[in-house]
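Asker:
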Amino acid sequence: MSELATRATVTSASAKAPAKPVRWLRLAAWLALLALLLVLPLYLGSEWLKAGQWMMTGAVGSIGLTMLVGQAGQLSLAHAFFLLMGGTTYTVLASGTEDGRVIGFELNPLFSMVAAIVVTALLGLAFAPVSGRLRGIYLGVASLSLVFIGLYFGQSADRLTGGTSTGRTPAPFELFGITFDNSGGLVVLGVPFRQAEKMWYLYLALTVIAFVLARGAVNSRVGRSWRAVRDHEASAAAMGVSVARAKAGAFAVSSAYAGLAGVMTVLWFDILKPDENEFGTYGINVSIAYLAMVIIGGLGSIGGALVGALIVFGLPQVLSLYSTQLGIFTGSGEGAFTPILVSTFVYGAAIILVVLFEPGGLAAIGRRITGGLHRERKKEGTSR
Amino acid sequence: METFLQLVVNGLGKGAVYALLALGFVIIFKATEVINFAHGSLVLFGGYLVVVTRESLGWVGASLVGIAGAGLLAVVIERLLLSRSKLADPHSLALLTIGVDVIVVEELVRRLGVGIPFLGEAWDAKPIQVGGITLFRTHLVAMLVAAVLITAFYLAFKFSNWGVAMRAQAENREAAALMGIRSRGVTMTAWLVAGLLAGVAVLFLATQDFSGAGLSRGTHAIALAAFPAAILGGLDSTVGAVVGGLVVGLVEALSAQYISFDFSKSAVFLVMLLVLVIRPSGLFGTREITRV
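If you read the sequences in order, they're chains L and R.
Heads up, the first sequence is in the working numbering, so the first residue is 1 and it goes up one at a time.
Heads up, the second sequence is in the working numbering, so the first residue is 1001 and it goes up one at a time.
#1: Check this for me: beta carbons of residue 57 of chain L and residue 268 of chain L, under 7 Å apart or not?
#2: Using a Cβ-Cβ cut-off of 8 Å (strictly less than) and excluding sequence neighbours within five positions of residue 164 of chain L, which residues of its own chain qualify?
#3: At a CB distance below 7 Å, what residues from the segment 1249-1264 of chain R approach chain L? Give them in sequence order.
#4: Just curious, the alpha helix (DSSP H) that residue 1109 of chain R is in, first and last residue?
#5: Compare the C-alpha of residue 1230 of chain R against each of L:302, L:173, L:141 and name the closest.
#6: For residue 1095 of chain R, would you say it is in contact with chain C, using Cβ-to-Cβ distances shorter than 7 Å as the test?
#7: From the DSSP output, read off the bridge partner residues of residue 1129 of chain R.
#8: Verify the CB distance criterion: does residue 1231 of chain R have a CB-CB separation below 7 Å to chain L?
#9: Can you pull out the residues from the segment 259-273 of chain L whose beta carbon lies closer than 9 Å to at least one beta carbon of chain R?
#10: Is it the case that the CB of residue 130 of chain L approaches a heavy atom of the ligand COA more closely than 6 Å?
#11: Give the DSSP-derived three-state secondary structure of residue 271 of chain L in the structure shown.
#12: Would you mind telling me which residues of chain R sit closer than 9 Å to residue 125 of chain L, beta carbon to beta carbon, in chain order?
#13: Assign residue 242 of chain L to one of two classes, buried (16 or more other C-beta atoms within 10 Å of its C-beta) or exposed (fewer than that).
#14: Provide the residue(s) that pair with residue 168 of chain L in DSSP beta bridges, ordered along the chain.
#15: In whole angstroms, what separates the C-alpha of residue 194 of chain L from that of residue 181 of chain L?
#16: Can you name the residues of chain R whose CB is closer than 8 Å to the CB of residue 288 of chain L?
#17: Opposite residue 178 of chain L in the DSSP bridges: which residues?
#18: With a cut-off of 8 Å, do at least 3 Cβ pairs link the segment 92-106 of chain L to the segment 216-229 of chain L?
#19: Grab me the residues of residue 1210 of chain R's own chain with a C-beta within less than 6 Å of its C-beta, minus the 5 sequence neighbours each way, in chain order.
#20: Residues in its own chain within less than 7 Å of residue 1029 of chain R by CB, not counting five upstream and five downstream?
#21: Please state whether DSSP places residue 21 of chain L in a helix, a strand or coil.
#22: Pop quiz: residue 361 of chain L and residue 295 of chain L are said to be a contact at Cβ under 8 Å. What is the actual Cβ separation, rounded to whole angstroms?
#23: Between the alpha carbons of residue 339 of chain L and residue 316 of chain L, how many angstroms are there, rounded?
#24: Starting from residue 105 of chain L, trace the alpha helix (DSSP H) both ways and give me its first and last residue.
#25: Is the CB-CB distance between residue 1195 of chain R and residue 1042 of chain R below 7 Å?
#26: Does the distance from the CB of residue 1066 of chain R to the CB of residue 1050 of chain R come in under 7 Å?
#27: Hey, does residue 1091 of chain R have any beta-carbon neighbour from chain L nearer than 7 Å?
#28: May I ask which residues mark the beginning and end of the alpha helix (DSSP H) holding residue 1039 of chain R?
#29: At a Cβ threshold of 7 Å, is residue 1106 of chain R touching chain L?
#30: Using the beta-carbon of each residue, which ones in chain L are nearer than 8 Å to residue 1243 of chain R?
#31: Locate the alpha helix (DSSP H) running through residue 232 of chain L, then write down its first and last residues.
#32: Is DSSP giving residue 252 of chain L helix, strand or coil here?
#33: Secondary structure at residue 74 of chain L, three-state DSSP: helix, strand or coil?
#34: For residue 147 of chain L, which three-state DSSP category applies?
#35: Would you give the residue range spanned by the alpha helix (DSSP H) that residue 1261 of chain R belongs to?
#36: Using a Cβ-Cβ cutoff of 7 Å, what residues of the segment 1024-1046 of chain R are near chain L? List them in chain order.
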């Protein structure tokens, strides 16, 4: 994997300092995308907004994982565990005690969200004795054990999680006196702002913050130390990078992102429901889905992680929305091709194709396109 | 004391099956340095073939088809996908096998639908009583078969030409190739053997005595428990695979009884974590040496 990741950044290094016009073009493209995302709720129905929120949840989680796997070179299959921990922390802190069956503190939701991020970051740090000592596949399988611990936690700590049979409801998010549910008669430009619209802006804000912070981390001294450790631990240490600190730090940051994605997950489902077996909302399949986003996007590329989330989390949503309109995937029960099944095939195949033909992932394809643009501009420049 | 003995016997019986699976990981890893995340889908594929063919072929014929099929699928994966990307490093090929696994498992589970058939009809049911201890037939047959297969593999690995070629390749790929060893053949047989072992293992996995459940997505999950077995033994050690398998079987049986059934799955992984923290390359694995 390290070679894969190195190749990905070697290409990025060559494309790192594009000519000025390209850089402005890129910034303009990001801003145009943001503007588009800001006006979408005025035009889209709530089911599409809901699908978009799910993709943004995936985006936040995969940004965290791509930093860990691609930048710091640590393979992790533990993402689902940190999702569960983040979601649980938020729910326990923000929700009430309900019928006395569960523990709740009814704290401020924003505070609870931040606390969830802090708690998952600390849990990530607590894994340092393991993550610091192991490398590559050994670490991948070791981190898988956290998913099984999470499964047991969900089953046994039902005072916190609400148990596998019923789960519990998280308190709705609240900020500046606005509650992110269907209450209140807010109308903007003739569009009533209900839960779907409000949540869209909340998720968009969280995704943008997560994205900007990650870009900052990757381009800074921290990111450089991660890449140095990834490429060669001994030489990184010789150059004065604290290997243990860089490794633990990357794991903590990635866990914190997963924790936030966990909060977004329980708010999206509007329920915290731990799994009965290892294939649920916080199971191995979810860890693999997140890893798929990262691989498909191109290991280590933040923008690639966004596209990966779009494919892996977006496809089942879009397919099921279209299926009701077009009348495909109507079969159910035994032997049926469900939207989820079809999109699982697609991302499984995408992983295979990416590893075989484009180890830099979709990010490398993107770079090739902008790189091509760059080269053409240069040619124009010389001919003129 | 009797309960304890009973648990040890059960644990060893299950451990024999885990050892077969773990040995598959180790063989592939030794030959190619690739971790095969698609091992669970080989297991499921073998089982699926048994289910489909046993009406017409009978149990013995169907089992042979299942075992051969799992081996064939392993070879197909290696020839079709892994051998095409010689430039990619083993870690990215491991990621590739995740993609393969996702597709194969989803399709097989879709085909199986709601039916979760049992496979071990040749020996299932009617346990044998010895003193106060109950011996499950599945466990007995599994231990016997595992002992025979693992010994055969060990002897072949030590004394046959294939074994020498395999060990040479595991030691140093390039040097082995320069000495005239065909890496293509070695790699292919390694995958074939691993696939065959997975095909044998599934006959024991999807039984009343082993898991109490038939062939389903759960079978794939049980095969995952062979991961910790291979890792805690040391990924490049055949002895380690056997020891790891038995340790996993014992830990599972003992923790299910003395702590809780829900905990037994995590217990296996916790023991693996503990071993890894103390010995990062497993009990019998070779240590990686870094030089600057």
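Just so it is clear, CB atoms sit at the ideal spot from N, CA and C, and this is done for glycine as well.
Answerer: On the basis of the coordinates in this document:
#1: Less than 7 Å separates the beta-carbon of residue 57 of chain L from that of residue 268 of chain L.
#2: Hits under 8 Å: 154, 155, 158, 273, 274, 275, 276.
#3: Cβ contacts with chain L come from 1262, 1263.
#4: For residue 1109 of chain R, the enclosing alpha helix (DSSP H) begins and ends at 1090-1112.
#5: Nearest option by C-alpha distance: L:141.
#6: No chain C appears in the structure shown, which is made up of the protein chains L and R.
#7: Paired residues: R:1134.
#8: Yes, contact with chain L.
#9: None of the residues of the segment 259-273 of chain L has a beta carbon lying less than 9 Å from any beta carbon of chain R.
#10: Absence of the ligand COA from the depicted structure is noted, as is the absence of any ligand whatsoever, leaving it without description.
#11: It is coil, neither helix nor strand.
#12: Going along chain R, no residue has its Cβ under 9 Å from residue 125 of chain L, so there is no contact; the nearest lies around 15 Å.
#13: With fewer than 16 Cβ atoms within 10 Å of its Cβ, residue 242 of chain L is classed as exposed.
#14: Checking the DSSP bridge columns, you'll see residue 168 of chain L partnered with L:272.
#15: In a straight line, the C-alpha of residue 194 of chain L is about 7 Å away from that of residue 181 of chain L.
#16: Per Cβ cutoff of 8 Å: 1098, 1102.
#17: Paired residue(s): L:175.
#18: Contact fails: fewer than three Cβ-Cβ distances are below 8 Å.
#19: The answer, listed in chain order, is 1138, 1204.
#20: The beta carbon of residue 1029 of chain R sits closer than 7 Å to those of 1035, 1235, 1236, all from its chain and outside the five residues before and after it, given in chain order.
#21: In the three-state reduction of the DSSP assignment, residue 21 of chain L falls in the helix class, which pools H, G and I.
#22: Distance from residue 361 of chain L to residue 295 of chain L at the Cβ level is roughly 6 Å; contact confirmed, criterion being Cβ atoms closer than 8 Å.
#23: Cα to Cα, residue 339 of chain L sits roughly 5 Å from residue 316 of chain L.
#24: Where residue 105 of chain L is concerned, there is no enclosing alpha helix (DSSP H), because DSSP gives it neither an H nor an E.
#25: Yes, the Cβ-Cβ distance between residue 1195 of chain R and residue 1042 of chain R is below 7 Å.
#26: Yes. Within cutoff.
#27: Cβ-Cβ to chain L under 7 Å: yes for residue 1091 of chain R.
#28: Unbroken alpha helix (DSSP H) run through residue 1039 of chain R: 1039-1077.
#29: Taking Cβ atoms only, chain L reaches closer than 7 Å to residue 1106 of chain R, which makes this a yes.
#30: Residues of chain L passing the Cβ test: none, with the nearest at roughly 17 Å.
#31: Here residue 232 of chain L belongs to no alpha helix (DSSP H), and DSSP marks it neither H nor E.
#32: Reduced to three states, the DSSP call for residue 252 of chain L is helix.
#33: The three-state secondary structure of residue 74 of chain L, taken from DSSP, is coil.
#34: DSSP, read as helix, strand or coil, puts residue 147 of chain L in helix.
#35: Note, residue 1261 of chain R: alpha helix (DSSP H), 1261-1278.
#36: If the cut-off is 7 Å between Cβ atoms, the segment 1024-1046 of chain R has 1035 near chain L.
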